[in-house]
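So the sequences go chain by chain: A and B. For the first sequence, our numbering assigns the number 50 to the initial residue and increments by one for each residue that follows. For the second sequence, our numbering assigns the number 113 to the initial residue and increments by one for each residue that follows. Presented below is the structure to which this report refers.
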Amino acid sequence: MKDLCQRAIGVAKRRGASYADARILDMRNQSVFTEDRRVSGINDSDSIGIGVRVIAGGAWGFASGPDLTKAGVERTAAGAVEVAKASGLARARRGVSWADEPPARGVFRTPFTVDPFAIPVRDKVGLLLSIGNEVLRVRGVKKCHGWMWFMRERRWFANTEGAEFESDVVTSVAQYSATAVDGATAKTRSLEAHPANAGWEHINATPLLAEARRVGEEAAAKLKGKPVRAGRRDLILMPLHLALTMHESIGHATELDRVLGMEESLAGSSFATTDKLGKLRYGSKLMNIVCDNTMPHGLATKGWDDDGVAGQRWPVIRDGILVDYQTSREVCGAIGAKRSHGSCRADSWGSIPIIRQSNIGLEPGLKPLSLDELIADTKDGILIDGMGSFSIDQKRLNFQFGGDCFREIRNGKVGPLLKDLTYQAITTEFWGAMDAVCDRRFWRPFGVANCGKGDPGQTARMTHGSAPARFRKIRVSPA
Amino acid sequence: MDAVGVALRAARVGDVTVSAGQDSSLTTRMADNIITQNVRQDGRWLSVTCAFGKKHGSVSTSDLSRDAIRGAVRRAEEIARVTRPDPEHMPPLGRAEMRKYVPSTSDVSATLAATAGQVARDLARAAREVGKMKLRLSGAMSAGGSVWAIGNSAGLRACHRSTNAEVHMTALGGDGSGWAQETSHDIADVNAGRAAAEAARIAVLARHPKDLAPGNYTVIMKPAAAAELLMFALWPFDAKAADEGHSYLRGKLGKKVFGSNFTVRSDHTDPRSPDSPFGGDGLARRPMHWVRNGVVENLVYSRFWAKKKRKAPTGWPPNHIVEGDGTSVDAMIASTEHGLLITRFWYVRYIDSMLPTATGMTRDGLFLIRNGRIAGPVRQMRFNVNTTGVLNSIEMTGTPERAWMVVPALKVRDFSFTSGTRF
Numbered sequence: 050m051k052d053l054c055q056r057a058i059g060v061a062k063r064r065g066a067s068y069a070d071a072r073i074l075d076m077r078n079q080s081v082f083t084e085d086r087r088v089s090g091i092n093d094s095d096s097i098g099i100g101v102r103v104i105a106g107g108a109w110g111f112a113s114g115p116d117l118t119k120a121g122v123e124r125t126a127a128g129a130v131e132v133a134k135a136s137g138l139a140r141a142r143r144g145v146s147w148a149d150e151p152p153a154r155g156v157f158r159t160p161f162t163v164d165p166f167a168i169p170v171r172d173k174v175g176l177l178l179s180i181g182n183e184v185l186r187v188r189g190v191k192k193c194h195g196w197m198w199f200m201r202e203r204r205w206f207a208n209t210e211g212a213e214f215e216s217d218v219v220t221s222v223a224q225y226s227a228t229a230v231d232g233a234t235a236k237t238r239s240l241e242a243h244p245a246n247a248g249w250e251h252i253n254a255t256p257l258l259a260e261a262r263r264v265g266e267e268a269a270a271k272l273k274g275k276p277v278r279a280g281r282r283d284l285i286l287m288p289l290h291l292a293l294t295m296h297e298s299i300g301h302a303t304e305l306d307r308v309l310g311m312e313e314s315l316a317g318s319s320f321a322t323t324d325k326l327g328k329l330r331y332g333s334k335l336m337n338i339v340c341d342n343t344m345p346h347g348l349a350t351k352g353w354d355d356d357g358v359a360g361q362r363w364p365v366i367r368d369g370i371l372v373d374y375q376t377s378r379e380v381c382g383a384i385g386a387k388r389s390h391g392s393c394r395a396d397s398w399g400s401i402p403i404i405r406q407s408n409i410g411l412e413p414g415l416k417p418l419s420l421d422e423l424i425a426d427t428k429d430g431i432l433i434d435g436m437g438s439f440s441i442d443q444k445r446l447n448f449q450f451g452g453d454c455f456r457e458i459r460n461g462k463v464g465p466l467l468k469d470l471t472y473q474a475i476t477t478e479f480w481g482a483m484d485a486v487c488d489r490r491f492w493r494p495f496g497v498a499n500c501g502k503g504d505p506g507q508t509a510r511m512t513h514g515s516a517p518a519r520f521r522k523i524r525v526s527p528a
Numbered sequence: 113m114d115a116v117g118v119a120l121r122a123a124r125v126g127d128v129t130v131s132a133g134q135d136s137s138l139t140t141r142m143a144d145n146i147i148t149q150n151v152r153q154d155g156r157w158l159s160v161t162c163a164f165g166k167k168h169g170s171v172s173t174s175d176l177s178r179d180a181i182r183g184a185v186r187r188a189e190e191i192a193r194v195t196r197p198d199p200e201h202m203p204p205l206g207r208a209e210m211r212k213y214v215p216s217t218s219d220v221s222a223t224l225a226a227t228a229g230q231v232a233r234d235l236a237r238a239a240r241e242v243g244k245m246k247l248r249l250s251g252a253m254s255a256g257g258s259v260w261a262i263g264n265s266a267g268l269r270a271c272h273r274s275t276n277a278e279v280h281m282t283a284l285g286g287d288g289s290g291w292a293q294e295t296s297h298d299i300a301d302v303n304a305g306r307a308a309a310e311a312a313r314i315a316v317l318a319r320h321p322k323d324l325a326p327g328n329y330t331v332i333m334k335p336a337a338a339a340e341l342l343m344f345a346l347w348p349f350d351a352k353a354a355d356e357g358h359s360y361l362r363g364k365l366g367k368k369v370f371g372s373n374f375t376v377r378s379d380h381t382d383p384r385s386p387d388s389p390f391g392g393d394g395l396a397r398r399p400m401h402w403v404r405n406g407v408v409e410n411l412v413y414s415r416f417w418a419k420k421k422r423k424a425p426t427g428w429p430p431n432h433i434v435e436g437d438g439t440s441v442d443a444m445i446a447s448t449e450h451g452l453l454i455t456r457f458w459y460v461r462y463i464d465s466m467l468p469t470a471t472g473m474t475r476d477g478l479f480l481i482r483n484g485r486i487a488g489p490v491r492q493m494r495f496n497v498n499t500t501g502v503l504n505s506i507e508m509t510g511t512p513e514r515a516w517m518v519v520p521a522l523k524v525r526d527f528s529f530t531s532g533t534r535f
């Protein structure tokens, strides 16, 4: 594979590319689906091919294909140069800017104990069907969907600057949902061994079957939940819920390509423009947001990004102030950075690398604070767990989120389940209202495996971590 | 495709269904009047499902060598052997199904022949024109095609070719933005300059937007906006989900759910949105009315659920065509005393699919209408609506156009906006 990568960049160089990189990806996936007490599908897939990216005549070109014969690879590389020459018809006056990076060399492997592909299919099916049986024993629960997904992605990368590395990433996830139905409506509750770069041990460590009865019971209880009144309430957001709120209101807003308008026509831009760098009060002083592509088991942890930049850890919001962005080698110079933070990834061999969210999360509070203490300190609030409805404007300001499970907090005590609700806020006002974050003991990571961006669309994976946090006087409405 | 035959010959026993495809596309992106990304993608795949009785397993691969295909078949057989029976598994359809296929034309050679240079020239020209207006142009133009074939151990064989071309343009100037999109299987129908000019026209009108109080407004949704929202009413048409009680359409088959002026159908031969004559399992597609004059006329029946309920299987709709009466957007505006004109929506999501309620934002041009005229731009707003409520409140419909679906502009009363944003 290394030889094929070198062959590709050699061809690109001979045809006039000033820079070229080649990635070969060998991607294996396995999915197991269950519906109630039946196996609705088992799909194994493999996909292998090459993506070649070049700068020629000061403009970008990219081509990809599955043909890994020598002739096929040469054809793909030549195609990338041809495309770059077409891009030259409307290129930047000074051509593509490109930050220096020492050539990366080495091998990265996801640490895991048990290869998920070595676990027999019958065991995976057995676990999901057992969960289905348990969930469907709960009175009122009529539906259970289960899913497992495993991925192994081997990557070989080389560029004309001398970089040459390999990575071998393993990802595992299992999840299920219980749906309770009555005469008027249906409600769903979910549980997951969240997506993580880990092996089967990650699935084993999650009490999926042990919690199945509770999940089913909570789905049924949601049908009879107490209605919430519209108004302003204090919210305590659990890490699994906060993962999505951070993803939408911080993660995307601090992608520098969006900030610079490069995603304007589709995914949108960002209110956190570069003139606000170092000045914008994004949130309260408790707000410290850190990107970390070295995070163990993080979905964006893969050694190097697809620019060939090593994984890094850096703050983007410090004490509530915007201090940095997620960058690539192409755009980091726009904020005066000499080096990219390494946030440029593609979702397959067929896709061009673009800026994708890193593993990005909220740092835990520095003062000792448990979840119980935070609840005890809350007079009139709502505890929200899990992910639900989510929507945000294209500059990442006005958002509205739901959740998977809502509980009333009255005078420091957690009450019964509430009916579904949504909360709505402006990003900076919301984060400005954060007045407490639990400490490190309560910090949990959650993987997001389906982040859409790009044109043609790509699906990226990253992990968001946080401890439970409280937000004062946020506007809530019945769903 | 020969790959399908290789896989079928490799299968030893049991039911086998194979599909294989190949695609090629160009996508050129632009931001601030320069090309920022330019991509040529070629792909191929083969998927094989093997079944022993009710036990089935599937394997797909991008390697179409004979050895790899045979390996995929062996793996699918192994999975099918070790899994548990699926009571909903159906045997493959036989040759007789092929006689029901009604051909459609959804490929145009010029679309497949488009070059990166041709696309880049179109975009560069559009950017120059928009640049003369002191506006910045972003967007993308793409062209490509695919071929896919299916075959099974019951003798069914079918193949279909399709092409697609699309351009979407966002023009920016000051605090105004505008957007336009064109899409067709024929690249001759797609004009980057025309889309850019329309986006620029909207962007100029959208400058200096004012705040507007949230509340209920009469709205005129352009086709792109209508399509974005209507999907949330049309996705849950699965008969099984309705029969099991976890769809908003439970017990609604044959009943009036929407306003009398709402009709939606599908037809894979419609030249505005042509598609293959068969679905993924080889089931023949046929024109279907899903909603006629507000009455839910059909739900989506899989082969299994149709057999169980003694209905004809429908397969999933290849497209959605919403009928319109041809009223122009200008006439809708002229008839509106106080309302809003919406260019498009963004990030629409269910709040509760059982109701079905949805939320989302307006984007790239929201205009206040007063006394039958555009009074000026307003800042973007968030809506929270019940989609069946919306489809019971349609006052006027335009000429259907291809957006996400084939859909007309809609004038709708009492559309609920709940908050605003800062641009």
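Even for Gly, the Cβ is constructed at its ideal location relative to N, Cα and C. All values derive from a computational prediction rather than experimental measurement.
Might you give, ordered along the chain, the residues of its own chain that have their beta carbon closer than 6 Å to the beta carbon of residue i, omitting 5 neighbours on each side?
| i | result |
| --- | --- |
| Leu-272(A) | Ala-229, Asp-231 and Lys-236 |
| Thr-499(B) | Phe-344, Ala-345, Pro-468 and Ala-470 |
| Val-264(A) | Ala-227, Arg-238 and Leu-240 |
I want to verify the contact list: residues of chain B whose CB lies under 8 Å from the CB of residue i, in sequence order.
| i | result |
| --- | --- |
| Ser-419(A) | Result: empty, since nearest Cβ-Cβ is about 33 Å, beyond 8 Å. |
| Arg-140(A) | Ile-146 and Ile-147 |
Does the CB of residue i have a neighbour CB from chain A at under 8 Å?
| i | result |
| --- | --- |
| Asn-150(B) | yes |
| His-401(B) | no |
| Gly-357(B) | yes |
| Asn-145(B) | yes |
| Trp-458(B) | yes |
| Phe-535(B) | yes |
| Glu-200(B) | yes |
| Asp-464(B) | yes |
I'd like the list of long-range same chain contacts for residue i, defined as Cβ closer than 7 Å, with 5 residues on each side in sequence excluded.
| i | result |
| --- | --- |
| Asn-328(B) | Asp-526, Phe-527 and Ser-528 |
| Met-202(B) | Arg-415 and Phe-416 |
| Ala-129(A) | Ala-61, Val-101, Arg-102, Val-103, Gly-110, Phe-111 and Ala-112 |
| Val-325(A) | One detail in the question is off: residue 325(A) reads as Lys in this sequence, not Val. So the qualifying residues of the chain are Leu-371. |
| Ile-475(A) | Leu-446 and Asn-447 |
What does residue i reach in chain B if we use C-beta pairs closer than 9 Å?
| i | result |
| --- | --- |
| Val-170(A) | Gly-169, Glu-190, Ile-191, Val-194 and Thr-195 |
| Gln-375(A) | Within chain B, no residue comes near Gln-375(A); the closest Cβ sits about 17 Å away, beyond 9 Å. |
| Gly-110(A) | Asn-150, Val-151, Arg-152 and Ala-228 |
Name the chain A residues that come within less than 9 Å of residue i, Cβ to Cβ?
| i | result |
| --- | --- |
| Tyr-329(B) | In chain order: nothing, as chain A lies at least about 17 Å away. |
Using 8 Å as the limit for Cβ to Cβ distance, is residue i near chain B?
| i | result |
| --- | --- |
| Gln-473(A) | yes |
| Val-130(A) | no |
| Gln-443(A) | yes |
| Leu-329(A) | no |
| Phe-439(A) | yes |
| Val-230(A) | yes |
| Ala-234(A) | Per the sequence shown, the amino acid found at residue 234(A) is Thr instead of Ala. Chain B, which has a Cβ nearer than 8 Å to the Cβ of Thr-234(A), makes this yes. |
| Glu-313(A) | yes |
What does a CB cutoff of less than 8 Å around residue i pick up in its chain, not counting 5 residues either side in sequence?
| i | result |
| --- | --- |
| Gln-293(B) | Glu-278, Val-279, His-280, Met-281, Ala-307, Ala-336 and Ala-515 |
| Val-187(A) | Ala-227, Ala-229, Arg-262, Gly-265, Glu-266, Ala-268 and Ala-269 |
For residue i, which residues in chain A fall below 7 Å Cβ to Cβ?
| i | result |
| --- | --- |
| Tyr-413(B) | Within chain A, no residue comes near Tyr-413(B); the closest Cβ sits about 16 Å away, beyond 7 Å. |
Mind pulling the chain A residues with CB within less than 8 Å of residue i?
| i | result |
| --- | --- |
| Met-473(B) | Ser-440, Ile-441, Asp-442, Gln-443 and Asn-447 |
Legend entry - Interfacial residues, the stretch 260 to 282 of chain B to chain A, with Cβ spacing under 9 Å: Within the stretch 260 to 282 of chain B, the residues whose Cβ lies closer than 9 Å to some Cβ of chain A are His-280, Met-281 and Thr-282, listed in chain order.
Inset, instruction - Could you name each continuous beta strand (DSSP E) segment of 3 residues or more that falls completely within the stretch 425 to 510 of chain B, going from the start of the chain to the end? - result: Taking only runs of at least 3 residues, the beta strand (DSSP E) segments lying wholly in the stretch 425 to 510 of chain B are 450 to 464, 469 to 482, 485 to 489, 493 to 498 and 506 to 509.
Legend entry - Secondary structure, beta strand (DSSP E): runs of 3+ residues fully inside the stretch 371 to 450 of chain A: If we require 3 residues or more, the beta strand (DSSP E) runs fully inside the stretch 371 to 450 of chain A come out as 409 to 411, 429 to 434, 439 to 441 and 447 to 450.
Legend entry - alpha helix (DSSP H) runs contained entirely in the stretch 103 to 160 of chain A, provided each spans 4 or more residues: DSSP assignment within the stretch 103 to 160 of chain A yields the following whole alpha helix (DSSP H) runs of 4 residues or more, N-terminal first: 119 to 136.
Inset, instruction - Return the residues of the stretch 87 to 101 of chain A that lie within a Cβ-Cβ distance of less than 8 Å from chain B, sorted by chain order. - result: Cβ contacts with chain B come from Arg-87, Val-88, Ser-89, Gly-90, Ile-91, Asn-92, Asp-93, Ser-94, Asp-95, Ser-96, Ile-97 and Gly-98.
Inset, instruction - With 8 Å as the C-beta to C-beta threshold (strictly closer), list the residues of the stretch 173 to 200 of chain A near chain B in chain order. - result: Residues are counted here when their Cβ sits less than 8 Å from a Cβ of chain B; for the stretch 173 to 200 of chain A these are Val-174, Leu-178, Lys-191 and Lys-192, given in chain order.
Inset, instruction - Tell me the start and end of each unbroken alpha helix (DSSP H) in the stretch 327 to 405 of chain B that is at least 4 residues and wholly inside, in chain order. - result: Here the runs fully enclosed are 335 to 346 and 351 to 356.
Legend entry - Residues of the stretch 156 to 186 of chain B with Cβ closer than 7 Å to any Cβ of chain A, in chain order: Of all residues in the stretch 156 to 186 of chain B, the ones placed with a Cβ closer than 7 Å to any Cβ belonging to chain A are Arg-156, Gly-169, Ser-170, Val-171, Ser-172, Thr-173, Ser-174 and Asp-175, in chain order.
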